[in-house]
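In the working numbering, the protein residues as written are -7 to 304.
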């Protein structure tokens, strides 16, 4: 198959590109003033043409011409401001709206003009769900929506655009991704932020937000396999949770990092207290595709530690 990946040089985008190439797919990608990670194999980089597209701006004419010469079967829309703190507080910033919401609209409009008409996967987030509390922690795709933060609001609005596009005849699937980690991730998320501190020389205490946060945490390599599986199965429709289906306490992640590194230098909790996040019910995606998550948390942490150590 032929595929376009927006945000191809981002964290998940690079892994998706590698996975598609491994599957024998042909790939083209859009990026915004970004470069491939040095860890992406030359064989992958050399066979994937890139074009620059700032999603807050119209698609450049040169990029449009490039796409007309490379008709795609699939579009994977990953490009976004994905760090929640960079999207604003309760309401999205103008930039977050321009990139995450208007950018999604631009991708859907592009898809509607391409021939043959491609299938589109739009990456949403578990942040669209309303808050959960015990005992109702696991969410299906039919669970109440009610984002509290700006990032979740942008993804909620993206999903509205997707439903409208489907009503106009576009073939769109939504992937509600839960938290995921792995090598190459920026230290603006829990796992890489902690790993960076664990591999840093010295014995300063590790600074964390809280050791009592409960999350659904996956490996990015499992996540991108799910993205392809959703478009490869022609009968998938609507929204799908993409997660591990398991609840992980942040304190257990911390303890595992202590065990793997042998470092026991103490911890400072900046905002102690329990935080409960939705846990994915993944029965829909496993029923509609052959996908299941395979990579255990321990392996994710081992690989992420090795990545940070190699960069020192």
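A virtual CB, placed ideally from N, CA and C, is assigned to each residue, including glycine. Predicted model only: the values in this text are computed from it and were never measured.
Quiz item: Can you list, in chain order, the residues of its chain whose CB lies under 8 Å from that of residue 81, leaving out five sequence neighbours each side?
Solution: Residue mapping note: residue 81 aligns to position 89 of the chain shown, counting from 1. Once the five neighbours on either side are set aside, the close Cβ partners of residue 81 are 141, 142.
Quiz item: Who are the Cβ neighbours of residue 154 in its own chain at under 6 Å, not counting the five residues just before and after it?
Solution: By one-based count along the chain shown, residue 154 stands at place 162. Within the same chain, residue 154 has close Cβ partners 114, 164, 166.
Quiz prompt | Same chain only: Cβ atoms within 6 Å of residue 138, ignoring 5 sequence neighbours per side | solution = The residue you call residue 138 lines up with position 146 of the chain shown. Only 122 meet the Cβ criterion.
Quiz item: Using DSSP with H/G/I as helix, E/B as strand and the rest coil, what is residue 56?
Solution: One-based indexing of the chain shown puts residue 56 at position 64. DSSP places residue 56 in the helix class (H, G or I) of the three-state scheme.
Quiz item: Where residue 210 and residue 290 are concerned, what is the direct C-alpha to C-alpha distance, given to the nearest angstrom?
Solution: Sequence index remark: in the chain shown, residue 210 carries index 218 (1-based). Sequence index remark: in the chain shown, residue 290 carries index 298 (1-based). Residue 210 and residue 290: Cα-Cα distance of roughly 11 Å.
Exercise. May I ask you to report which of helix, strand or coil DSSP gives residue 1?
Key: To locate residue 1, count along the chain shown from 1; it is residue 9. Looking at residue 1 - three-state DSSP - the assignment turns out to be coil, as it is neither helix nor strand.
Quiz item: Just curious, the beta strand (DSSP E) that residue 307 is in, first and last residue?
Solution: Here the chain covers residues -7 to 304 and nothing more, so residue 307 does not appear.
Quiz item: Excluding the five sequence neighbours on either side, which residues of its own chain have a C-beta within less than 8 Å of the C-beta of residue 276, listed in chain order?
Solution: In the chain shown, residue 276 corresponds to position 284, counting from 1. 132, 133, 232, 233.
Quiz item: Alpha carbon to alpha carbon, how far is residue 129 from residue 57?
Solution: For this step, residue 129 is matched to residue 137 along the chain shown. For this step, residue 57 is matched to residue 65 along the chain shown. The straight-line gap from Cα to Cα measures roughly 47 Å.
Quiz item: Cβ atoms of residue 120 and residue 95: under 9 Å apart, would you say?
Solution: Counting from one through the chain shown, the residue named residue 95 turns up at place 103. Counting from one through the chain shown, the residue named residue 120 turns up at place 128. No; because the gap between Cβ atoms is not below 9 Å, this pair is not in contact.
Quiz prompt | Length-filtered (4 minimum) alpha helix (DSSP H) runs lying within the segment 40 to 121 | solution = Within the segment 40 to 121, the runs of alpha helix (DSSP H) at least 4 residues long that lie entirely inside it are, in chain order, 53 to 60, 95 to 105.
Practice problem: Check each candidate in 292, 20, 0, 152 and name the one with the smallest Cα separation from residue 29. | Solution: Counting from one through the chain shown, the residue named residue 29 turns up at place 37. The option with the nearest alpha carbon to residue 29 is 0.
Quiz item: If we call anything under 9 Å between Cβ atoms a contact, is residue 103 one with residue 162?
Solution: On the chain shown, residue 103 is found 111 positions in, with the first residue counted as 1. On the chain shown, residue 162 is found 170 positions in, with the first residue counted as 1. Yes; because the gap between Cβ atoms is below 9 Å, this pair is in contact.
Practice problem: Return the first residue and the last residue of the alpha helix (DSSP H) that residue 23 is part of. | Solution: Within the chain shown, numbered from 1, the residue matching residue 23 stands at position 31. That residue, residue 23, is in no alpha helix (DSSP H); its beta strand (DSSP E) goes 18 to 23.
Quiz item: What are the partner residues of residue 167, as DSSP defines its beta bridges?
Solution: Locating residue 167 in the chain shown gives position 175, where the first residue counts as 1. Paired residues: 115, 232.
Quiz item: If you run the structure through DSSP and keep just helix, strand and coil, what is residue 241?
Solution: By 1-based counting over the chain shown, the position of residue 241 is 249. DSSP places residue 241 in strand when its eight states are reduced to three.
Self-check item: Three-state secondary structure assigned by DSSP to residue 131
Solution: Counting from one through the chain shown, the residue named residue 131 turns up at place 139. If DSSP states are grouped into helix, strand and coil, residue 131 belongs with the strands.
Exercise. Starting from the Cα of residue 280, find the closest Cα among 124, 223, 198 and give me that residue.
Key: As a position in the chain shown, residue 280 is number 288, starting the count at 1. Nearest option by C-alpha distance: 223.
Practice problem: Quick one: which unbroken alpha helix (DSSP H) runs of 4-plus residues sit fully inside the segment 182 to 227? Chain order, please. | Solution: Note on the segment 182 to 227: whole alpha helix (DSSP H) runs with a minimum of 4 residues are 182 to 191, 212 to 224, in chain order.
Quiz item: Anyone know if the C-beta pair for residue 255 and residue 190 falls short of 9 Å?
Solution: One-based indexing of the chain shown puts residue 255 at position 263. One-based indexing of the chain shown puts residue 190 at position 198. Taking 9 Å as the Cβ cut-off, residue 255 and residue 190 qualify as a contacting pair.
Quiz item: By Cβ distance, which residues of its chain are closer than 7 Å to residue 75, with the 5 residues on each side in sequence left out?
Solution: Residue numbering aside, residue 75 sits at position 83 when the chain shown is read from its first letter. By the criterion of a C-beta distance shorter than 7 Å, residue 75 is surrounded in its chain by 180, once the five residues flanking it on both sides are discounted.
Practice problem: From the DSSP output, in three-state form, read off residue 302 for me. | Solution: Looking up residue 302 in the chain shown gives position 310. In this structure, DSSP gives residue 302 a helical state, which the three-state scheme calls helix.
Exercise. For residue 263, count neighbouring Cβ atoms within 10 angstroms of its own Cβ and tell me buried if that reaches 16, exposed if not.
Key: Residue mapping note: residue 263 aligns to position 271 of the chain shown, counting from 1. Exposed is the label assigned to residue 263, since fewer than 16 other Cβ atoms lie within 10 Å of its Cβ.
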